[in-house]
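Q: Would you mind keeping the following structure in view while I ask a few things?
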């Protein structure tokens, strides 16, 4: 087991390096740098001036070297101008002339500086991630139990009327992407045109003070899309378990139906959904981006959109590192959890 | 003129869809009449869920086609008519020219364009891109997944690693990285198109060659003809005057894909193919242990013949079901791209862009955002139901 986790962690590390390199490469293509030069320097700079500007900041060196510096395994870039002043990558926080650290990358905890928010990227990520964490927590609280209950109820008696109704519900919910369900929910519950106005159409106020009326709609919107999928998986594994021999034996012994479901079937039926729930995290990340944009909730997904839309290279890199790590860690947990829950699978 | 009542709007919308209803009735009548001879497609008409799904899907397919032929739309989807800004459903136009349609059936959007016509034209965008992109993703996934599953070993490790790499990428981040104008200017999407669109040619070439390589007199002209046409299509698809990849001279270039659509197409294919790869790989690993594969190996058939003519046909059930689901997923992805204003031009009538525009005024005006939202919902729902019906029917044998 230890070797398995070690191997998986190694693969995970390689994957993370490859992915961040791809992001780094794409964000550091010349047109992006040119745009950066023009927004940061002067919009009316000529092409040659842009080039000097970029050169002085070390942007025009090979991507691999820049990636190494960003990661913190190569010494940071320095530039000595004609007056002998030393500037460079690692001089950001200190005054010119002071000694700056030789390495300043992700490994040293330097996440870069956001040009849109005028703040260190690490701070932005920390605050935004907390906000999104709050959103995700409530999504999990709403989504997982509801989906499991729906799935178990539907799978208990295959083909019954409850099964048909709940299956239809889960198909509809998987067919509704967040930007459709969100729009419909806002239209019905928050707009002055329908007039119900039970909830608020934006969740901006929920960042400081979340309550039912400003936070329920975004949570519901994300939950609905993921719910259907988990419910269908639960139903499939529940129907499979319900046809197993030991359930029939239990029924023939005269055990009550409710205790068959709760004591005999449920535990075995929940193995498959566990993996699915963990693998939902990457999908939820998508949902988070859409919902935070739709409801103007300034969390992690909103930051991603802002960083990508405004060519904020260092913030975008930081955002991608975090999201890639989230995805990979959940994959790892789901693999390990699956092995633990299902003794029939042997790791070798 | 008076504004229309809700009943009148419903009747008129129903009437506008006349060509669609006629086509649907004919399609269903013919299919039900001959369903015993139509294989899996015919069996679909035994399951009510499959029929509802198929009906919904075909409704939007016909709507897309007839809409592109100017049959259903009432107004030009880009035309702005003054005085119609944000007007509710059924509002009459201030002045009607001869032969023009007198109302905005589902109201006007915030640029005074007809919501109804835009929704219909949006169907065409989806009907054009989604099935084709899914097909391309399947070609890529099958061409790489079969050898990975069949041979295993290093090849499998490498390809699976690459597939997992793409899968670990958050989709929206990938879209933002690929579809922004700066990246498009460097030609990265064009190079990706050049790479991805080779796979259908490889697939068809290997498919035909492995089947007929024992009859060279028949195979050589067949391959030359088919591959010639495909390579020509391929070159005219990827090469575009003025972009990073421009190989064919203009005279031979039979069609041009508008830049935005090509980028969207490529990124959707790119996102979908690793999942298809994983499914095909799993199926191939399962099927290669069967007796008929062993029999083919004993007969001395080549590995590609076994993969494409023994394993692939026997994996078709799950693949067809996944194909339907994946078209639905691609539709959702296209909507996501439109929702973030990526790729397609801003005035494009596709559903994602219209929803995005409509949502900004959602608390006051509902009518611009809701029709495309329900359209997208019903199409994806139809595809999911269709996949369910197909799964049920294919499990029955």
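Chains as they are written, first to last, in the UniProt record's numbering: chain C, 1 to 348; chain S, 1 to 397.
Built from N, CA and C at the ideal position, the CB exists for glycine as well.
Quick caveat, the model's predicted, so the values are computed rather than measured.
Could you compute how far the alpha carbon of residue 218 of chain C sits from the alpha carbon of residue 7 of chain S?
A: 34 Å
Q: With 8 Å as the C-beta to C-beta threshold (strictly closer), list the residues of the region 192 to 209 of chain C near chain S in chain order.
A: 192, 193, 194, 201
Q: Buried or exposed: where does residue 1 of chain S fall if 16 or more other Cβ atoms within 10 Å of its Cβ makes it buried?
A: exposed
Q: What is the DSSP secondary structure of residue 348 of chain S, reduced to helix, strand or coil?
A: coil
Q: Around the Cβ of residue 347 of chain C, are there at least 16 other Cβ atoms within 10 angstroms (buried) or fewer (exposed)?
A: For residue 347 of chain C, the predicted structure reports a pLDDT of 48, less than 50, and the residue's modelled location is therefore unreliable. A value from the coordinates is still provided. Exposed: under 16 other Cβ atoms inside 10 Å.
Q: From the beta carbon of residue 115 of chain C, is the nearest beta carbon of chain D less than 9 Å away?
A: Among the protein chains in the structure shown, which are C and S, there is no chain D.
Q: Within the 9 Å Cβ cut-off, does residue 179 of chain C reach chain S?
A: yes
Q: Excluding the 5 residues flanking residue 171 of chain C on each side, which residues of the same chain have their C-beta closer than 8 Å to its C-beta?
A: 228, 232
Q: Using a Cβ-Cβ cutoff of less than 6 Å, which residues in the same chain neighbour residue 335 of chain S once the five nearest sequence positions on both sides are dropped?
A: The answer, listed in chain order, is 351, 352, 376.
Q: Tell me whether residue 114 of chain C sits in a helix, a strand or coil according to DSSP, three-state version.
A: Looking at residue 114 of chain C - three-state DSSP - the assignment turns out to be strand.
Q: Indicate whether at least one CB of chain S lies closer than 9 Å to the CB of residue 348 of chain C.
A: With a pLDDT of only 45 at residue 348 of chain C, under 50, the local geometry of the prediction cannot be trusted, and the value read off the model is given with reservation. No, because no Cβ of chain S sits closer than 9 Å to the Cβ of residue 348 of chain C.
Q: Determine whether the beta carbon atoms of residue 380 of chain S and residue 343 of chain S lie at a separation below 9 Å.
A: Result no, Cβ atoms of residue 380 of chain S and residue 343 of chain S do not sit closer than 9 Å.
Q: Jot down the residue ranges of each uninterrupted alpha helix (DSSP H) in the region 242 to 329 of chain C, minimum 4 residues, whole runs only, in chain order.
A: 245 to 253, 266 to 269, 271 to 295, 300 to 309
Q: Assuming residue 398 of chain S contacts residue 20 of chain S (C-beta within less than 8 Å), just tell me the rounded distance between them.
A: Given a span of 1 to 397 for chain S in the structure shown, any question on residue 398 of chain S remains unanswerable.
Q: Quick one: what does DSSP say residue 347 of chain C is sitting in, helix, strand or coil?
A: The predicted model places residue 347 of chain C with a pLDDT of 48, which falls under 50 and marks its position as unreliable; any figure quoted below should be read in that light. The answer is coil: DSSP assigns residue 347 of chain C none of H, G, I, E or B.
Q: Looking at the secondary structure, which residues open and close the alpha helix (DSSP H) in which residue 101 of chain S lies?
A: For residue 101 of chain S, no alpha helix (DSSP H) run applies, since DSSP gives it neither H nor E.
Q: Could you confirm whether any beta carbon from chain S is found closer than 9 Å to the beta carbon of residue 304 of chain C?
A: yes
Q: Do the region 316 to 325 of chain S and the region 355 to 371 of chain S meet, that is, are 3 or more Cβ pairs less than 8 Å apart?
A: no
Q: Is residue 266 of chain S near residue 177 of chain S, with beta carbons less than 9 Å apart?
A: no
Q: Taking only beta carbons into account, state which residues of the region 161 to 188 of chain C come closer than 7 Å to chain S, listed in chain order.
A: 171, 172, 174, 175, 176, 177, 179, 180, 183, 184, 186, 187
Q: According to DSSP, simplified to helix, strand and coil, what is residue 108 of chain C?
A: helix
Q: Select from C/23, C/213, C/339 the residue whose C-alpha is nearest the C-alpha of residue 175 of chain S.
A: C/23
Q: Using a cut-off of 8 Å between C-beta atoms, extract the partners of residue 62 of chain C located in chain S.
A: None at all; the shortest Cβ gap to chain S is about 16 Å.
Q: Indicate whether at least one CB of chain S lies closer than 9 Å to the CB of residue 101 of chain C.
A: no
Q: I'd like to know whether the C-beta of residue 75 of chain C is nearer than 9 Å to at least one C-beta of chain S.
A: no
Q: I want to see whether chain S comes within less than 9 Å of residue 106 of chain C, judged by CB atoms only; does it?
A: no
Q: Roughly how many angstroms separate the alpha carbons of residue 326 of chain C and residue 33 of chain S, rounded to a whole number?
A: 53 Å
Q: Can you tell me the Cβ-Cβ gap for residue 281 of chain S and residue 148 of chain S, rounded? I've got them flagged as a contact below 8 Å.
A: The Cβ separation is near 5 Å, so the contact holds.
Q: If you compare alpha carbons, which of S/330, S/360, S/202 is closest to residue 171 of chain S?
A: Checking every option, the nearest Cα to that of residue 171 of chain S belongs to S/330.
Q: Can a CB atom of chain C be found closer than 9 Å to the CB of residue 76 of chain S?
A: no
Q: Can you name, in chain order, every residue of its own chain whose Cβ lies under 7 Å from the Cβ of residue 155 of chain S, other than the five neighbours on each side?
A: 147, 148
Q: What span of residues does the alpha helix (DSSP H) with residue 186 of chain S cover, start to end?
A: 181 to 186
Q: Counting only beta-carbon separations shorter than 9 Å, does residue 350 of chain S have a partner in chain C?
A: Interface residue (Cβ-Cβ distance to chain C less than 9 Å): residue 350 of chain S is not classified as such.
Q: For residue 398 of chain S versus residue 113 of chain S, is the C-beta spacing smaller than 9 Å?
A: Residue 398 of chain S is absent from the structure shown; chain S starts at 1 and stops at 397.
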